[in-house]
Every structure is written in structure tokens, then in C-alpha cells.
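Working notes, structure below.
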Amino acid sequence: MIKVEDVSMHYYTRHGRRTVLDRISLTLERGRNIGILGRNGAGKSTLVRLLAGAIQPTTGRIHRGMRVSWPLAFNGAFQMHLTGLDNLKFICRVYDIDYKPLIPFVEQFAELGIYFREPVQHYSSGMTTRLAFALSMAIEFDCFLIDEILVVGDKRFHQRCHDELFVKRKDRSFILVSHEPNIIRSLCQTACVLHEGRLHHFDTVDDAYKFYESAPVVPFRGGATP
273 MIKVEDVSMH YYTRHGRRTV LDRISLTLER GRNIGILGRN GAGKSTLVRL LAGAIQPTTG
333 RIHRGMRVSW PLAFNGAFQM HLTGLDNLKF ICRVYDIDYK PLIPFVEQFA ELGIYFREPV
393 QHYSSGMTTR LAFALSMAIE FDCFLIDEIL VVGDKRFHQR CHDELFVKRK DRSFILVSHE
453 PNIIRSLCQT ACVLHEGRLH HFDTVDDAYK FYESAPVVPF RGGATP
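Structure, rendered in C-alpha cells:
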């Protein structure tokens with residue numbers, strides 16, 4: 273189970289404090305999935321980074337009772353001067369996993385050819401993304417965090433990612449954040465809407481979509497919160 277308890281996230285700007293997330297709570301059982309709708313700037317990526325443990329909340333607590341992935345296709349943790357293979361070794365060392373059985377899968381999925389053994393700093397953005405997703409699938413997680421930036425590459429690669437994640441791992445949990453309601457409707461059992469820093473819960477995706485459509489668009493405010 274993943275349990276988010278009364279979590280807030282504040283950032284400080286030259287204009288004062290900005291509250292991105294305001295006392296939100298969320299529970300996800302093993303084997304379930306949930307979509308989180310939110311417009312650009314609503315704090316979706318901040319929430320994903322919190323769930324992954326990449327950043328810590330200002331207040332509140334996040335309990336992770338299952339192994340949670342990093343945000344899928346995220347490449348910010350790559351050691352750019354290392355090769356793709358060396359990055360695989362590094363990640364497996366972090367998770368205490370033998371990297372050798374995973375090499376064929378990562379090589380086949382990423383389709384990097386000889387560049388798998390070249391420094392990542394020489395990769396194109398598409399090559400880096402393919403490597404990032406291949407590494408995400410090589411490690412077996414109980415729950416996958418999916419940011420909307422997952423939609424990258426050509427149609428064939430989209431389909432391969434979809435099959436690998438949503439077909440072969442359909443028994444896993446996942447949290448999908450997006451501003452595209454149709455994606456969440458097609459993949460998720462329930463949904464929430466992140467709006468003005470609060471997380472609104474709904475029993476059905478359709479109910480969440482109705483709220484999302486009717487909620488006023490709030491412009492980004494860099495100033496201090498009350």
C-alpha cells in the first residue's frame with residue numbers, strides 16, 4: 273500500500289512562499305491503479321517526485337509499503353559520462369540486483385546498438401528516453417509512477433511501451449498523472465483531480481472528468497500564498 277498523509281509542499285520565491293500541494297492525502301492498494309488529472313502547473317510532477325522519494329514534503333508523511341518506481345522514462349539520474357551499460361550496472365547496484373541477466377532485455381528494448389556501450393552524453397534525446405524506459409522495465413516494481421512525459425518517440429515505440437507496461441504488468445499498481453482525460457479514462461479505475469493545491473477524490477473517472485472540465489482555470493501565481 274502507498275499512503276500519502278496530509279502532505280504539503282511549499283516553495284520559496286523572491287515574491288514569498290508558494291504552496292504547490294496543500295494537505296493532500298491519497299491511498300493506493302496493491303494491484304490497483306489511479307489517475308490524477310491536473311492542468312499545466314497544477315503540481316502533478318511535484319507529486320510524482322514526492323511519491324518516488326526524489327524530494328521530501330514540507331509537511332506530512334508518505335508511507336510506501338511496496339516497491340515504487342522512479343518516474344517512468346525519467347533520465348535525470350543518469351550518469352552522463354557513463355555508458356548505457358554502466359548506468360544499468362549502477363542502478364542494479366542501488367537496488368541490489370544482478371545486472372547480467374538484464375542486459376539482453378535492455379539492449380533489445382532500447383535498440384541502441386553499439387551506442388549501448390558508449391557514454392550517454394553522446395545520445396540523442398530519443399535514445400536517452402528509450403534507455404530510460406528500458407531500465408524502468410528491467411527492474412521489477414510493485415507500483416509504477418507514470419508522468420505524461422511518457423508519450424515520446426514514434427508510434428511503434430509507443431505501442432511497445434504500452435504492451436510492456438499495461439499488458440505484461442497489468443497486475444501491478446500504477447499512478448498516472450496527466451492533463452489528458454482520455455488517457456486516464458482508458459487506463460485507470462478511479463481518478464483524482466489536482467486543483468489549486470488540493471487533491472479532489474472521485475469514485476469514477478467520469479465524475480473526475482466532469483469536475484476537471486468545470487473547474488476554473490487558475491493562472492500560475494508566483495506570489496506569496498496567504
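Sequential numbering from 273 applies to the sequence shown in the working numbering. All C-beta atoms, glycine included, are put in the ideal place defined by N, C-alpha and C.
Report task. Note the first and the last residue of the continuous beta strand (DSSP E) segment covering HIS282. Result -> Locating residue 282 in the sequence shown gives position 10, counting from the first residue. Bounds of the beta strand (DSSP E) holding HIS282 are 274-285.
Report task. Let me know the secondary structure DSSP gives SER408 once reduced to three states. Result -> Counting from one through the sequence shown, the residue named residue 408 turns up at place 136. Helix at SER408.
Query - Separation of ARG428 from LEU407, as counted between CA atoms - result: Position 135 of the sequence shown, counted from the first residue, corresponds to residue 407. Position 156 of the sequence shown, counted from the first residue, corresponds to residue 428. Computed Cα separation, rounded: 18 Å.
Query raised in the report: So is ASP419 buried or exposed if we call it buried at 16+ other beta carbons inside 10 Å?
Result: Against the sequence shown, residue 419 aligns to sequence position 147. Its Cβ being crowded by 16 or more others within 10 Å, ASP419 is buried.
Query - the stretch 389-396 touching the stretch 350-362, judged by at least three CB pairs closer than 8 Å - result: yes
Query raised in the report: What do you get for TYR367, buried or exposed, if any count of 16 or more other CB atoms within 10 angstroms of its CB means buried?
Result: On the sequence shown, residue 367 is found 95 positions in, with the first residue counted as 1. Counting the other Cβ atoms within 10 Å of the Cβ of TYR367 gives fewer than 16, which makes it exposed.
Requested in this report: Keeping to the same chain, check which residues put their C-beta closer than 7 Å to that of PRO376; ignore five residues upstream and five downstream.
Outcome: For the purposes of this step, residue 376 is taken as residue 104 along the sequence shown, with counting starting at 1. Within the same chain, no Cβ atom closer than 7 Å to the Cβ of PRO376 is found once the five residues on either side in sequence are excluded.
Query raised in the report: Going by the CB atoms, is the gap between VAL439 and THR462 shorter than 9 Å?
Result: In the sequence shown, residue 462 corresponds to position 190, counting from 1. In the sequence shown, residue 439 corresponds to position 167, counting from 1. Going by C-beta atoms, THR462 is not nearer than 9 Å to VAL439.
Requested in this report: Starting from the C-beta of ALA487, find all residues in its chain whose C-beta is less than 6 Å away, skip the five residues before and the five after it, and write them out in chain order.
Outcome: Taking the sequence shown and counting its residues from 1, one reaches residue 487 at position 215. Result list for ALA487: HIS467, in chain order.
Query raised in the report: Three or more C-beta pairs closer than 8 Å, one from the stretch 397-411 and one from the stretch 300-314: is that the case here?
Result: no
Query raised in the report: Run through DSSP, which three-state label would ALA463 get?
Result: Along the sequence shown, read from residue 1 onward, the residue named residue 463 stands at position 191. DSSP places ALA463 in strand when its eight states are reduced to three.
Report task. Output yes or no for whether 9 Å exceeds the beta carbon distance between HIS473 and LEU293. Result -> By one-based count along the sequence shown, residue 473 stands at place 201. By one-based count along the sequence shown, residue 293 stands at place 21. No.
Query raised in the report: Using a Cβ-Cβ cut-off of 7 Å (strictly less than) and excluding sequence neighbours within five positions of ALA480, which residues of its own chain qualify?
Result: One-based indexing of the sequence shown puts residue 480 at position 208. Correct list, in chain order: LEU309, ALA463, CYS464, VAL465, PHE474.
Query raised in the report: Taking DSSP as the reference, what is the three-state secondary structure of SER396?
Result: Residue mapping note: residue 396 aligns to position 124 of the sequence shown, counting from 1. Three-state result, SER396: coil.
Query raised in the report: Around the C-beta of THR400, are 16 or more other C-beta atoms found within 10 angstroms, so that it is buried, or is it exposed?
Result: Within the sequence shown, the letter at position 128 stands for residue 400. Counting Cβ neighbours within 10 Å, THR400 comes out buried, since at least 16 surround it.
Report task. Excluding the 5 residues preceding and the 5 following GLY337 in the sequence, name in chain order all residues of the same chain whose CB lies nearer than 6 Å to its CB. Result -> Counting from one through the sequence shown, the residue named residue 337 turns up at place 65. Contacts found: MET273.
Query raised in the report: In the DSSP assignment, what are the bridge partners of SER486?
Result: To locate residue 486, count along the sequence shown from 1; it is residue 214. Paired residues: none, contrary to the question.
Query raised in the report: Hey, ALA324 and LEU417 are a contact pair by Cβ (cut 8 Å); roughly how many whole angstroms apart?
Result: The sequence position of residue 324 within the sequence shown is 52, counting from 1. The sequence position of residue 417 within the sequence shown is 145, counting from 1. Right, their Cβ atoms sit about 6 Å apart.
Query - Span separating the alpha-carbon of VAL276 from that of HIS335 - result: The residue you call residue 276 lines up with position 4 of the sequence shown. The residue you call residue 335 lines up with position 63 of the sequence shown. Between VAL276 and HIS335, the C-alpha separation is close to 6 Å.
Report task. Enumerate in chain order the residues of its own chain whose CB-to-CB distance from VAL340 is below 6 Å, with the five nearest sequence positions on each side excluded. Result -> If you number the sequence shown from 1, residue 340 lands on position 68. Contacts found: CYS415.
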